[in-house]
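Going by the working numbering, the first residue of the sequence shown is number 203, and it counts up by one from there.
C-beta: ideal position from N, C-alpha, C; glycine also.
These numbers come from a predicted model, not from an experiment.
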Amino acid sequence: MKKEKPLILLSNDDGVEAKGLNELIRGLRGMGEIIVMAPDGPRSGASGAITSEHPVKYYKVREEEDLTVYKCTGTPVDCVKLALHTVVPRRPDVVIGGINHGDNSSVNVHYSGTMGVVIEGCLKGISSIGYSLCNHFADADFSSSLPYIRRITEQVLEHGLPLGICLNVNFPDTASLKGVRICRQTNGAWINEWKRSLHPRGGEYFWLTGEFDNYEPEAEDSDHWALGHGYVAVTPTQIDVTAYGMKYYLIVGEASGDLHASNLMRALIQEDPEAEFRFFGGDLMTAVGGTRVKHYKELAYMGFIPVLLHLRTIFRNMKECKQDIVRWAPDVVILVDYPGFNLKIAEFIKKQTKIPVYYYISPKIWAWKEYRIKNIKRDVDELFSILPFEVEFFAGHQYPVHYVGNPCVDAVDAYCKEHPDGFPEFVADNGLSEKPVIALLAGSRKQEIKDNLPMMLEAAAPFTKDYQLVLAGAPGMDPAYYSDYINPNVPVKIIFGQTYRLLQHAQAALVTSGTATLETALFRVPQVVCYYTPVGKFIAFLRRHILKVKYISLVNLVADKEVVRELVADTMTVDNVRSELESLLYNKVYRNKVLEEYDRIIQILGPAGASGTAAREMVALLKK
Numbered sequence: 203m204k205k206e207k208p209l210i211l212l213s214n215d216d217g218v219e220a221k222g223l224n225e226l227i228r229g230l231r232g233m234g235e236i237i238v239m240a241p242d243g244p245r246s247g248a249s250g251a252i253t254s255e256h257p258v259k260y261y262k263v264r265e266e267e268d269l270t271v272y273k274c275t276g277t278p279v280d281c282v283k284l285a286l287h288t289v290v291p292r293r294p295d296v297v298i299g300g301i302n303h304g305d306n307s308s309v310n311v312h313y314s315g316t317m318g319v320v321i322e323g324c325l326k327g328i329s330s331i332g333y334s335l336c337n338h339f340a341d342a343d344f345s346s347s348l349p350y351i352r353r354i355t356e357q358v359l360e361h362g363l364p365l366g367i368c369l370n371v372n373f374p375d376t377a378s379l380k381g382v383r384i385c386r387q388t389n390g391a392w393i394n395e396w397k398r399s400l401h402p403r404g405g406e407y408f409w410l411t412g413e414f415d416n417y418e419p420e421a422e423d424s425d426h427w428a429l430g431h432g433y434v435a436v437t438p439t440q441i442d443v444t445a446y447g448m449k450y451y452l453i454v455g456e457a458s459g460d461l462h463a464s465n466l467m468r469a470l471i472q473e474d475p476e477a478e479f480r481f482f483g484g485d486l487m488t489a490v491g492g493t494r495v496k497h498y499k500e501l502a503y504m505g506f507i508p509v510l511l512h513l514r515t516i517f518r519n520m521k522e523c524k525q526d527i528v529r530w531a532p533d534v535v536i537l538v539d540y541p542g543f544n545l546k547i548a549e550f551i552k553k554q555t556k557i558p559v560y561y562y563i564s565p566k567i568w569a570w571k572e573y574r575i576k577n578i579k580r581d582v583d584e585l586f587s588i589l590p591f592e593v594e595f596f597a598g599h600q601y602p603v604h605y606v607g608n609p610c611v612d613a614v615d616a617y618c619k620e621h622p623d624g625f626p627e628f629v630a631d632n633g634l635s636e637k638p639v640i641a642l643l644a645g646s647r648k649q650e651i652k653d654n655l656p657m658m659l660e661a662a663a664p665f666t667k668d669y670q671l672v673l674a675g676a677p678g679m680d681p682a683y684y685s686d687y688i689n690p691n692v693p694v695k696i697i698f699g700q701t702y703r704l705l706q707h708a709q710a711a712l713v714t715s716g717t718a719t720l721e722t723a724l725f726r727v728p729q730v731v732c733y734y735t736p737v738g739k740f741i742a743f744l745r746r747h748i749l750k751v752k753y754i755s756l757v758n759l760v761a762d763k764e765v766v767r768e769l770v771a772d773t774m775t776v777d778n779v780r781s782e783l784e785s786l787l788y789n790k791v792y793r794n795k796v797l798e799e800y801d802r803i804i805q806i807l808g809p810a811g812a813s814g815t816a817a818r819e820m821v822a823l824l825k826k
């Protein structure tokens, strides 16, 4: 049986004779059977208007192989309604509006007759796309947009669009397009919209004019930013405009999770202003809003012995969490790292409820415990990856994931923009000397601090003649806890709640492995990765024979090479730390090589925007 050609229905708001419409026809020829029903004259700004006060007529004006063109006396929406009712031989595969002479980004989507075409198609359950060029002139050059139009249309014809979602595609007026960006609608409004004029026969009249006031000119995820920087802006647009918020339940188990989950919550509010939150988390999440059920520090047990000693508490917390989720009945459960706890929660949710489970900051099963992929594939509906190499890893297990960028990039970028203070202010605020700073980041858990801090201090002690040592106190940690592990003969200052500020002004750092290694690299601070354990030789054996990766720090894993020295298990000695720190401080060639590699890693991770990307994808998936 011969396969039917795709049926493509076209319309616009500039009229059947408009160059944009005819360029669209030219660009789509050969892709299927094309039927055009367009207004007989300009109808710009018609939005979703329909004709009800007088009859509507249509006429055939052109017919060729796989192309039939009609003109209609009504609005753009009338054209789609009438075409679907009278002339199409079957349900179209796609409805397309455009190419519009003029910008339909941001709030223009609400006024646009072109998007009225698209929304009408979407209301009928048909995949629909609107194309617009940021050029109002009748002789605008559409040539650079046509290859993109053809490719986007091909993709929609092949894969379709979710029910209730259509695409608003805008092209900047440039011959050199940089590529495509998936965007959100820019927050802004038109101002000074009317020009008053006097009529020569008396009285006054008004011309619609105005200027667009962009409320967020630096927002790199917006359609206006994309267009202003030479990108094709593709903005998914939904039909459902109901003002209701969804319920999000988040679970984190440590300080870094608290940071990144709080940024995700802020981004979710941008996408879903009525969002409700309930969570196992920390102070940063609490500051965003919602209800904290339990603080993460009540969950943070690290190492075999501490876990064993607190099994009863862990099981009690897990039971409470499960019961609380069921009672609250959220629209989604979002798990943030912390796999030992969170994967058990995911298993329960999948077995006992129909609540979708999303994982943000995926478990690092590529390092070890790769068998957990079975649990993830079974219990996690969507996984949002923050490390580029994870995409290939999960693809190898036939489990597609969403790479959204790295939230550490977001956090560091936002901090630097909001805190431009200099070194003099930093030392004055914290009672420090004028010496350059060596930062000590000894971990966020008691066991990490106990195992690593004493040796860090001993290794750094000889450098205190030229440098001052500043220790980043872990969030939620009692300051008194540090006193047992600080050598009174080594001068060191502890500061709390200022880890990023400390890294902003540090010359070098000793860092316990974890997210902190990547954050240190993003601040371009040369570092030594320090991770001591009392059973060093045994751990070294496990690392050689059990672990699936060559490195433990995120810096080296992203770079896929040794950028920073990892002193782990039996290699974590005072002499080794001291020697590496000396090289970073005094060997300029070595130091610059590390900084150059940091720049390469920053390029690999990509620009800021992970939280926003993850939030948009989550909300879109939930609204399907």
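Let me check understanding here. Comparing Cα to Cα, which of 568, 559, 563 lies closest to residue 606? Among 568, 559, 563, the Cα nearest to that of residue 606 is on 563.
Within a Cβ cutoff of 8 Å, which residues of the same chain sit near residue 725, ignoring the five residues on either side of it in sequence? Contacts found: 614, 702, 705, 706, 708.
Within its chain, find whatever has a CB closer than 6 Å to the CB of residue 826; leave out the 5 residues flanking it on each side and keep chain order. Cβ neighbours of residue 826 beyond the five flanking positions: 364.
At the level of alpha carbons, what is the spacing between residue 684 and residue 574? If I take the Cα positions, the gap works out to 36 Å.
With residue 334 and residue 316 assumed to form a contact (beta carbons below 8 Å), what rounded beta-carbon distance in angstroms separates them? The beta-carbon distance between residue 334 and residue 316, rounded to whole angstroms, is 6 Å. This is short enough to meet the 8 Å contact definition.
Whose C-beta lies closer than 8 Å to the C-beta of residue 339 among residues of the same chain, with five residues either side of it excluded? The answer, listed in chain order, is 303.
Taking the alpha-carbon positions, what's the residue 463 to residue 474 distance? Taking the straight line joining both Cα atoms gives about 16 Å.
According to DSSP, simplified to helix, strand and coil, what is residue 667? If DSSP states are grouped into helix, strand and coil, residue 667 belongs with the helices.
Using the beta-carbon count (16 or more within 10 Å), is residue 739 buried or exposed? Any reading at residue 739 needs caution, since the residue's pLDDT is 46, under 50, leaving its predicted position unreliable; the model's value is listed next. Counting C-beta atoms within 10 angstroms of its own C-beta, residue 739 has fewer than 16 neighbours from the protein chains shown and is therefore classed as exposed.
C-alpha distance - residue 210 paired with residue 576, whole-angstrom precision: Using only the alpha carbons, I get a separation of about 43 Å.
Do residue 322 and residue 279 come within 7 Å of each other at the CB atom, strictly closer than that value? Yes, the pair counts as a contact, with Cβ atoms nearer than the cut-off.
Using CA coordinates, which residue listed in 760, 272, 791, 232 is at the minimum distance from residue 594? Nearest in C-alpha terms to residue 594, of all of 760, 272, 791, 232, is 760.
Take the Cβ of residue 554 as the centre, count every other Cβ of all protein chains shown within 10 Å, and call the residue buried at 16 or more, exposed below. Here residue 554 is exposed: its Cβ has fewer than 16 other Cβ atoms, across all protein chains shown, within 10 Å.
I need the DSSP call for residue 754, collapsed to helix, strand or coil. Reduced to three states, the DSSP call for residue 754 is coil.
Do the CB positions of residue 366 and residue 392 come within less than 7 Å of each other? Going by C-beta atoms, residue 366 is not nearer than 7 Å to residue 392.
For the pair the stretch 517-527 and the stretch 535-552, tell me if three or more CB-CB distances fall below 8 Å. Contact check between the stretch 517-527 and the stretch 535-552: three or more CB pairs, one atom from each, fall below 8 Å, which counts as touching.
I believe residue 719 touches residue 731 by the beta-carbon criterion, under 8 Å. Please report the beta-carbon distance rounded to the nearest angstrom. Confirmed, Cβ separation roughly 6 Å.
C-alpha distance - residue 644 paired with residue 311, whole-angstrom precision: When the Cα atoms are used, residue 644 and residue 311 turn out to be separated by approximately 51 Å.
Would you report the Cα separation of residue 735 and residue 713, rounded to the nearest angstrom? Whole-angstrom Cα-Cα distance: 14 Å.
Note down the Cα distance separating residue 788 from residue 668, rounded to an integer number of angstroms. The straight-line gap from Cα to Cα measures roughly 11 Å.
Cα-Cα separation, residue 216 to residue 426: Distance between the alpha carbons of residue 216 and residue 426: 22 Å.
Using a Cβ-Cβ cut-off of 8 Å (strictly less than) and excluding sequence neighbours within five positions of residue 442, which residues of its own chain qualify? Same-chain partners within the cutoff: 366, 825.
Rounded to whole angstroms, what's the CA-CA distance from residue 745 to residue 758? Just pull it up for me. For residue 745, the predicted structure reports a pLDDT of 47, less than 50, and the residue's modelled location is therefore unreliable. The matter cannot be settled from this model.
Looking at C-alpha atoms only, which residue of 813, 729, 290 is the closest neighbour of residue 797? Among 813, 729, 290, the Cα nearest to that of residue 797 belongs to 729.
In whole angstroms, give me the CA-to-CA distance for residue 346 and residue 416. Straight-line Cα distance between these residues: approximately 26 Å.
Just to confirm, is the Cβ distance from residue 208 to residue 369 under 7 Å? Taking 7 Å as the Cβ cut-off, residue 208 and residue 369 do not qualify as a contacting pair.
Burial state of residue 306 (16 or more Cβ within 10 Å): The residue in question, residue 306, is buried, as its Cβ has 16 or more Cβ neighbours within 10 Å.
Sort out for me which residues DSSP pairs residue 330 with in a bridge. Bridge partners of residue 330: 297.
Pair within 7 Å by beta-carbon distance, residue 584 and residue 617: It is not a contact, given that the beta carbons lie outside the stated cut-off.
At what residue ranges does the stretch 307-392 contain a whole run of the alpha helix (DSSP H), taking only runs of 4 or more? Complete alpha helix (DSSP H) runs here, min 4: 315-325, 348-361.
Any contact of the stretch 422-441 with the stretch 618-632, i.e. 3+ C-beta pairs under 8 Å? The stretch 422-441, when compared against the stretch 618-632, does not touch it at the 8 Å Cβ threshold.
For residue 857 versus residue 612, is the C-beta spacing smaller than 7 Å? Residue 857 lies beyond the residue range present for the chain, which begins at 203 and ends at 826; the question has no answer from this structure.
In chain order, each alpha helix (DSSP H) run of at least 4 residues that lies wholly inside the stretch 240-294: Correct list: 278-288.
Applying the criterion that 16 or more other CB atoms from any shown protein chain within 10 Å of the CB defines a buried residue, is residue 396 buried or exposed? Classified as exposed, residue 396 has fewer than 16 neighbouring CB atoms from the shown chains inside 10 Å of its CB.
Determine the direct distance from the alpha carbon of residue 711 to that of residue 722, and round the result to whole angstroms. Residue 722 and residue 711: Cα-Cα distance of roughly 8 Å.
Whose CA, out of 599, 421, 634, lies closest to the CA of residue 695? Closest by alpha carbon: 634.
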